[in-house]
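Contents: one structure, followed by commentary.
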Amino acid sequence: MPDTIIRLTPQPPFDFENTAMLHGWAELEPTWYDPKLHTLQRVEVLPNDQVVVLILHSPGSVWQPQIEVSIMHESPIDKDQLAELDGRLKHMLRLDDDLSDFYALCAERGENWLRLKEGWGRLLRSPTVFEDMVKVICTTNVQWGGTKGMLRRLVAAYGSPFPRNDQLHGFPSPQTIANIPFDDFATAVRMGYRTAYVHELATRVAAGYLNLEDLRSPLLPTGEVRKKLLGIKGIGPYAAATILMLLGHYDEIAVDTAFRSFIAKKYFQGRYPSDKEALAIYQDWGKWKYLAYWFDIFSEYSS
DNA sequence: TTCCAGGGGTAGA
DNA sequence: TCTACCCATGGA
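By the count of our numbering, the first sequence reaches residue 379 at its end, each step adding exactly one.
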């Protein structure tokens, strides 16, 4: 079966590599980045259960961006599945987000912040809120290597395989996870105490008690979404702020050990301030605090 | 071996 | 609202 190609034309400025790589999501299965080929790849399960592999690359530039998506598939893809895929890709890359206010603020700041205007800030996310939520739960109280391992085991054990290469699996659906007996699930994924949070989340979503995808509505105020997130077991202040960022609300910073040590090092000569003092650093970024912090920490450790 | 990580739940104040 | 304590797992 010949592969199919979708072409996307983002509004400039758009930095493909930065979008793919900035916050680590491209290191979590079933997504990965090939630094040599400059391609972002992902195994995706379509609504009709067809498993495909997506290979994204960007032949354009920041100011004339293009994205070419090669879809590897074993059986024909119909128009509806392609339309669904198109929507998921735009969501993952945040192609419809308007960051112009943020870039205007960066221009006012000047200096290093000017770099941000060149297409930064579209942090990669997953096609579904469910997948992002599972991933965020797996970042809590664990080192990054541990997070990657949990996701690798989850996807390998329960994700639908790609017919052309059964080493490649998609992300398991809530229904799939909910149907697995808890003890079997725990043994396979080895997520520690997070196992119960992930299994319960999947069970509640599968049963229809929770509709996570509704949280994507940009009309919902941050406070309302935050409240709903904190009502989910396994989601505390750090996870809620991270998920809010993934949903496009940047007004809260996720306070974790990385944030605390970065602020102590850069702004307090090594002394650890209170969280309140630390958060005050970004207070005047308004609804863009998370992006300002993320750029700040990225440029500190990449320079 | 011990420590602790891109924290969170719970009980008790 | 704040604090103390416990929580599985695995990398360093």
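Don't be surprised by glycine CBs; every beta carbon is placed ideally from N, CA and C.
Neighbour-count burial assignment, residue i, 16 or more Cβ in a 10 Å radius
{"i": "N287", "result": "exposed"}
{"i": "K211", "result": "buried"}
{"i": "N124", "result": "exposed"}
{"i": "F90", "result": "buried"}
{"i": "N188", "result": "exposed"}
Same chain, Cβ closer than 6 Å to residue i, neighbours up to 5 away in sequence not counted
{"i": "F92", "result": "S134"}
{"i": "Y366", "result": "M321, Y326, I329"}
{"i": "S293", "result": "none"}
{"i": "A262", "result": "T271"}
{"i": "D208", "result": "R201, S202, L322"}
{"i": "F258", "result": "H275"}
Alpha helix (DSSP H) segment containing residue i, residue limits
{"i": "S176", "result": "176–185"}
{"i": "T419", "result": "This structure cannot settle anything about residue 419, because the visible part of the chain is limited to 77 through 379."}
{"i": "S375", "result": "365–378"}
{"i": "T115", "result": "No alpha helix (DSSP H) holds T115; the beta strand (DSSP E) holding it covers 115–121."}
{"i": "S337", "result": "333–343"}
{"i": "L172", "result": "It is worth fixing the name first, because residue 172 is Asp in this sequence and not Leu. It is not in any alpha helix (DSSP H) - D172 carries neither H nor E in the DSSP assignment."}
Proximal residues to residue i (C-beta, below 7 Å), its chain only, five neighbours per side dropped
{"i": "V265", "result": "M226, R229, L230, A233, T271"}
{"i": "W364", "result": "F178, L181, Y326"}
{"i": "A316", "result": "R302, L305, L306"}
{"i": "R280", "result": "L286"}
Residue span of the beta strand (DSSP E) that contains residue i, given as start and end
{"i": "N241", "result": "241–245"}
{"i": "L132", "result": "127–133"}
{"i": "L84", "result": "80–84"}
{"i": "L107", "result": "Before going further, note that residue 107 is Thr rather than Leu in the sequence given. It spans 107–110 - the beta strand (DSSP E) in which T107 sits, taken as one unbroken run."}
{"i": "E150", "result": "Counting along the chain, E150 falls outside any beta strand (DSSP E), and DSSP gives it neither H nor E."}
Expected contact under 8 Å - CB spacing of residue i and residue j to nearest Å
{"i": "Q117", "j": "V127", "result": "Contact doesn't hold; Cβ gap of about 14 Å is too wide."}
{"i": "Y273", "j": "G222", "result": "Actually they are not in contact, since the Cβ atoms of Y273 and G222 sit about 15 Å apart, beyond 8 Å."}
{"i": "D79", "j": "S146", "result": "5 Å"}
Three or more C-beta pairs below 8 Å linking the stretch 225–238 and the stretch 103–110:
yes
Quick one: any contact between the stretch 141–148 and the stretch 245–264, if contact means 3 or more CB pairs under 8 Å?
Here the stretch 141–148 makes no contact with the stretch 245–264; the two share fewer than three CB pairs at distances below 8 Å.
Three or more beta-carbon pairs under 8 Å between the stretch 79–90 and the stretch 158–172, yes or no?
yes
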